[in-house]
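Scroll down for the structure; my scribbles are underneath it.
The following block contains the structure:
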């Protein structure tokens, strides 16, 4: 029934122009005809709850039936979120200010909610952090986030007016990342996305991904950054990175640091941190934690109660064409 409901929703939300573009994209990469691609897209939608974007992104046209069954598609990801995350408890993940209050022990940085803070508290924050990160209360993929300097404004009132006009309600201390992480890409904080799942009152790590900036001040895959999976047991990268355009990187194009073979420092501490954080709101069992690493240790930037599936099991990151779904099912069925 869930599969039928998903398909009905997808049919009514289809963008037929985008479908044509995806068919064209796949046709250029494969030897298939447009008709066969459209038919195969339909088959994947019915059997695997895969949208046309999934079909192209995960290169499902190159996978056999057994391999396709291992892909975490949009529909499967949606079903996991619905199954493991109680919506009555997700508001503290959806609003960054509420998240900071709930997970204050894991942040390890100064922050202030300008709608709750008085003038004195704001002045104290700015005296300690003349440069800071300003964020909207809600949003994804780093959208709307700005790096600001108090000195660029004529007065505190001018700053407050700018923040409110642009819905920048959360101010945070700038994170200075670990030296090793900075050598990889110094212009953005390179974060680790760790996916955790609660089962039998325990927090399990499903998968982890290193997100790397590429010239911008954010590292998100959907904002021009690149992504690569991390071996969960040791924090090592064994694949090349990939960006949303499909470009593959063995080395970072700006710093020339090798990505394949890169080892994330303090990996044990990162895993311990997210496992503890996963127990704070057990009613939200599936979370994508964005973790930054400083010289003092790891800290949590935010938690996502609807972690994006688009970085799971991309073609260059699959061994023998096998996706990430078996990792989820191993925990769920244990």
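Numbering (the numbering used here), first residue to last: 101 to 434. Using N, Cα and C, we set each Cβ at its ideal position, and we do this for glycine too. Treat the numbers as computed from the prediction; the structure is a model and nothing was measured.
(request) Please report how far the alpha carbon of residue 235 lies from the alpha carbon of residue 340, in whole angstroms. (result) Cα to Cα, residue 235 sits roughly 31 Å from residue 340.
(request) May I have the straight-line CA-CA distance separating residue 112 from residue 157, to the nearest angstrom? (result) A caution first: residue 112 carries a pLDDT of 48, below 50, which makes its placement in the model unreliable, though a value can still be read off. If you take the alpha carbons of residue 112 and residue 157, they lie about 21 Å apart.
(message) Looking at residue 210: is its Cβ nearer than 7 Å to the Cβ of residue 197?
(response) No, the Cβ-Cβ distance between residue 210 and residue 197 is not below 7 Å.
(request) Take the Cβ of residue 160 as the centre, count every other Cβ of all protein chains shown within 10 Å, and call the residue buried at 16 or more, exposed below. (result) When all chains shown are included, residue 160 counts as buried.
(request) Mind checking which residues open and close the alpha helix (DSSP H) that includes residue 155? (result) Its alpha helix (DSSP H) spans residues 152–157.
(request) Inspect the beta-carbon positions of residue 403 and residue 387 and report whether they are closer than 7 Å. (result) With contacts defined as CB atoms closer than 7 Å, residue 403 and residue 387 qualify as a contacting pair.
(message) So, with DSSP's three-state summary, where would you put residue 394?
(response) Correct three-state label for residue 394: strand.
(message) As an exercise, report each continuous beta strand (DSSP E) stretch of at least 3 residues that is fully enclosed by the segment 127–213, in chain order.
(response) Qualifying beta strand (DSSP E) stretches, in chain order: 211–213.
(message) Under DSSP, the alpha helix (DSSP H) around residue 366 begins and ends at which residues?
(response) Boundaries for residue 366: no alpha helix (DSSP H) harbours it, and the DSSP string shows neither H nor E there.
(request) Would you be able to state if there are at least three C-beta pairs under 8 Å between the segment 292–307 and the segment 256–269? (result) By the Cβ rule, the segment 256–269 does not count as touching the segment 292–307, because fewer than three pairs are nearer than 8 Å.
(request) With a threshold of 16 other CB atoms inside 10 Å of the CB of residue 385, please say whether the residue is buried or exposed. (result) Residue 385 comes out buried.
(message) Measuring only the C-alpha atoms, how far is residue 432 from residue 382?
(response) About 15 Å.
(request) Measure from the alpha carbon of residue 207 to the alpha carbon of each residue in 408, 425, 392, then state which is nearest. (result) Residue 392 is the option with its Cα nearest to residue 207.
(request) Give me the Cα-Cα distance between residue 144 and residue 172, rounded to the nearest whole angstrom. (result) When only Cα atoms are considered, residue 144 and residue 172 end up about 12 Å apart.
(message) Less than 7 Å between C-beta atoms, sequence neighbours within five positions excluded: which residues of the same chain meet that for residue 365?
(response) A distance below 7 Å between beta-carbons, with the five flanking residues on each side excluded, links residue 365 to the following residues of its chain, in chain order: 278, 280, 393.
(request) Would you check whether the ligand ADP has a heavy atom nearer than 6 Å to the C-beta of residue 118? (result) Looking at this structure, you won't find the ligand ADP or any other ligand, since it has none at all.
(message) Within the continuous alpha helix (DSSP H) that includes residue 329, where are the two ends?
(response) Residue 329 -> not in any alpha helix (DSSP H); beta strand (DSSP E) instead, spanning 326–330.
(request) Flag this pair as touching only if the segment 165–180 and the segment 412–424 have three or more C-beta atom pairs under 8 Å; answer yes or no. (result) Verdict: yes, contact present.
(message) Just to confirm before moving on: does the CB-CB distance between residue 268 and residue 250 stay below 7 Å?
(response) With a cutoff of 7 Å on beta-carbon distance, residue 268 and residue 250 are scored as not near each other.
(request) Return the CA-CA distance between residue 331 and residue 139, expressed in angstroms with no decimal places. (result) Residue 139 has its alpha-carbon roughly 36 Å from the corresponding atom of residue 331.
(message) Could you check whether residue 407 and residue 295 sit closer than 7 Å to each other, using their CB atoms as the reference points?
(response) Yes, they are a contact pair.
(message) Since residue 309 and residue 293 should fall inside the 8 Å C-beta cutoff, what is the C-beta to C-beta distance between them, to a whole number of angstroms?
(response) The beta-carbon separation of residue 309 and residue 293, rounded to 5 Å, stays under the 8 Å limit for a contact.
(request) In the DSSP assignment, find the alpha helix (DSSP H) that holds residue 407 and state where it starts and stops. (result) Neither: residue 407 is in no alpha helix (DSSP H) and is coded neither H nor E.
(request) Output the distance between the C-alpha atoms of residue 346 and residue 409, rounded to the nearest integer angstrom. (result) Computed Cα separation, rounded: 16 Å.
(request) For residue 336, I'd like the list of residues in its chain whose CB is within less than 6 Å of its CB, leaving aside the five on either flank, ordered along the chain. (result) 363, listed in sequence order.
(request) Could you check if residue 272 is buried or exposed, using at least 16 other CB atoms within 10 Å of its CB as the buried criterion? (result) Flag for residue 272 reads buried.
(message) Between the alpha carbons of residue 286 and residue 149, how many angstroms are there, rounded?
(response) About 39 Å.
(message) I'd like the span of the beta strand (DSSP E) that includes residue 311, first residue to last.
(response) Segment 302–312, the beta strand (DSSP E) holding residue 311.
(message) Pop quiz: residue 329 and residue 417 are said to be a contact at Cβ under 8 Å. What is the actual Cβ separation, rounded to whole angstroms?
(response) Indeed they touch by this definition, with Cβ atoms about 5 Å apart.
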